[in-house]
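Numbering (this note's numbering), first residue to last: 2 to 408. Shown next, in structure tokens, is the structure this report addresses.
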Amino acid sequence: FIDPFRLCLLQALDARKHGAEIRTYCEVIDFEVNDKDEIKGVVFYNRVSGATESVKTQVVVNAAGPWAHKVAKSADDKLPIRLNKGAHVIFDRRIVNVGVTVKAIDGRWIYLFPHENTTLLGTTALDTWEDPDTLVASFDEIEYLLQSMETVLPSIREARIIRTMTGVRPLVPEWKVPEGKVTRGYQIVDHGENGGKKGLLSFLGGKLVTCRHMAEAVTDLVGTKLGKEVACTTHEQPLPGNEDDVDIIALSKEYDISLHALERMRARRGTEMVKVLELTKEHPEWKTTICTCEPIIEAEIRVAIREEFPQTLNDLRRRIRLGTGPCQGTFCTYKAAAILAEELDLPGDDFLVDILDFRAERWKGIRQSMRGEQLAQEELAQGMYCCVGNLDQSDVDYDLKPWEEGC
């Protein structure tokens, strides 16, 4: 199974290496359009600085996924889209070493796959009209998946569920087609060719497995519009860190770091892990394990902060899987937050708000599936962060309502 967050990051880092400028936490709010209905610029709000900025452009590619229709609306244009929700159940370890597929009660295929240090059970396919940012897996979805898989693995309910997760597929709209059978093909919408703003291209549909081909197709179209047709080479070039294999046994002896930690680091970074290891020569104390579930050492957290443009703990979660193990960040949140605050020079209130945001995001995927050992884990987390840390009594400006509703 591919780490989708890491794949997106590596593509961004590779693009930056070839001249792209990466701007995170920037929300498109408007477009600059001339009297010929041609888009000549993008106006965006920088959520970090609070400033409204703009950039000149000849072509805009709207690849905002389930938010693509909202971006098109900012250009006073329409983009028909069919949003389809998929939910997964995540187990605390590899309960299988091979993929298992089975037909669910409605005839759909579902799967159980080992992924990193966990196992994924998925997925559902439900049309949705809700905000993708607020979606969570329902009790019915969890039971649908468990009931279906226990027909071939009767003991699956004994395995420890650590959380659920959901995603929204931005599918090409099809009428009179059941939600589970909507095409997973892709479509590039040229708004200028359809009576809309010229210079705006929107992307719908597709799957992770075809993402490189999809990017090639839209880039070829952009090149044609700009009169610069250049042969694509991304099918031949490895992403950063994948140029060669890494001998972690030799590195373990050289840097005195456990094989397990290096094995996980290699999975994330490949040859780029040497940057992390070199830091430990100057700062041997950064060999300390911060996240024991993954595991992740302090030096890797610092490299991620310096080179992979995270602003929050949730960003670090997506970059290096911080807080994604059985304890769901119970033991690493404070330590990682302190490192992030030091590297980014964050004020005290921001430090606390980031911790609350991270715990709230973890809670969003935990609360529907709490049972057995994970219920005990959350009792421990509550004791640490509320009874000892007093985060629920903090005087920082933070809305605790989502937590209270979940409880």
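From the three backbone atoms N, C-alpha and C, an ideal C-beta is built for every residue, glycine too.
- prompt: With contact counted as at least three CB pairs below 8 Å, one residue from each stretch, are the segment 39-55 and the segment 169-179 in contact?
  reply: no
- prompt: Using 8 Å as the threshold, is the segment 107-120 in touch with the segment 132-150, meaning 3 or more CB pairs across them?
  reply: yes
task: Give the single residue among 38, 200, 212 whose Cα lies nearest to the Cα of residue 60.
output: In the sequence shown, counting from the first residue as 1, residue 60 sits at position 59. With distances taken between Cα atoms, residue 60 lies closest to 200.
- prompt: If we call anything under 7 Å between Cβ atoms a contact, is residue 1 one with residue 165?
  reply: Any property of residue 1 remains undetermined from this structure, which presents the chain solely from 2 to 408.
- request: Can you grab the Cα-Cα spacing for the pair residue 123 / residue 363, in whole Å?
  value: Position 122 of the sequence shown, counted from the start, is the residue given in the question as residue 123. Position 362 of the sequence shown, counted from the start, is the residue given in the question as residue 363. Cα to Cα, the separation comes out at about 19 Å.
field: Per-residue burial, residue 232 [other beta carbons within 10 Å of its own, 16 or more giving buried]
entry: The sequence position of residue 232 within the sequence shown is 231, counting from 1. Exposed, by the Cβ-count rule.
query: When the Cα of residue 134 is compared with those of 84, 297, 50, 150, which residue comes out closest?
result: The count along the sequence shown starts at 1 and reaches residue 134 at position 133. Of the listed residues, the one whose Cα sits closest to residue 134 is 84.
query: Just curious, the alpha helix (DSSP H) that residue 274 is in, first and last residue?
result: Locating residue 274 in the sequence shown gives position 273, where the first residue counts as 1. Residue 274 -> alpha helix (DSSP H) spans 274-283.
- prompt: Hey, out of 346, 58, 86, 149, whose CA is closest to residue 182's CA?
  reply: Within the sequence shown, the letter at position 181 stands for residue 182. With distances taken between Cα atoms, residue 182 lies closest to 86.
message: On the DSSP letters alone, give me the boundaries of the alpha helix (DSSP H) that residue 287 sits inside.
response: Within the sequence shown, numbered from 1, the residue matching residue 287 stands at position 286. Note, residue 287: premise wrong, no alpha helix (DSSP H); not H, not E.
message: In this structure, how does DSSP classify residue 203 when only helix, strand and coil are distinguished?
response: Counting from 1 along the sequence shown, the entry for residue 203 is found at position 202. Residue 203: strand per DSSP, three-state reduction.
query: So residue 62 and residue 219 are in contact, right, with Cβ under 8 Å, and what is the actual spacing, rounded?
result: Along the sequence shown, one-based indexing puts residue 62 at 61. Along the sequence shown, one-based indexing puts residue 219 at 218. Confirmed, about 6 Å.
- request: Please go through the same chain and pick out, in chain order, the residues whose beta-carbon is closer than 8 Å to the beta-carbon of residue 34, but skip the five residues on each side of it.
  value: Within the sequence shown, residue 34 is the residue found at index 33, counting from 1. So the list reads 40, 41, 76, 198, once near-sequence residues are dropped.
message: If you measure between the beta carbons of residue 45 and residue 319, is that distance less than 7 Å?
response: Taking the sequence shown and counting its residues from 1, the one referred to as residue 45 is at position 44. Taking the sequence shown and counting its residues from 1, the one referred to as residue 319 is at position 318. Their beta carbons are not under 7 Å apart, which means residue 45 does not touch residue 319 by this criterion.
- prompt: When the Cα atoms are used, what is the spatial distance from residue 336 to residue 283?
  reply: As a first step, residue 336 must be located in the sequence shown, where it is residue number 335. As a first step, residue 283 must be located in the sequence shown, where it is residue number 282. Distance between the alpha carbons of residue 336 and residue 283 is about 20 Å.
- request: May I ask which residues mark the beginning and end of the beta strand (DSSP E) holding residue 110?
  value: Indexing the sequence shown from 1 puts residue 110 at position 109. Looking at the DSSP string, the run of the beta strand (DSSP E) that includes residue 110 is 110-116.
field: residue 388 burial status per 10 Å Cβ neighbour count (16 or more: buried)
entry: Here the question's residue 388 lines up with position 387 in the sequence shown. Classification for residue 388: exposed.
- prompt: Can you name the residues that DSSP bridges to residue 55?
  reply: The residue you call residue 55 lines up with position 54 of the sequence shown. Paired residue(s): 44.
field: Nearest-angstrom Cα separation, counted from residue 353 out to residue 398
entry: Along the sequence shown, read from residue 1 onward, the residue named residue 398 stands at position 397. Along the sequence shown, read from residue 1 onward, the residue named residue 353 stands at position 352. Roughly 10 Å between the two C-alpha positions.
message: Using only the alpha-carbon positions, how far apart do residue 281 and residue 287 sit?
response: In the sequence shown, residue 281 corresponds to position 280, counting from 1. In the sequence shown, residue 287 corresponds to position 286, counting from 1. Cα-Cα distance, rounded: 6 Å.
- request: Please list, in chain order, all residues of the same chain as residue 180 whose beta carbon is under 7 Å from its beta carbon, the five residues on each side excluded.
  value: Numbered from 1 along the sequence shown, position 179 holds the residue referred to as residue 180. Here the set comprises 85, 126, 127, 128.
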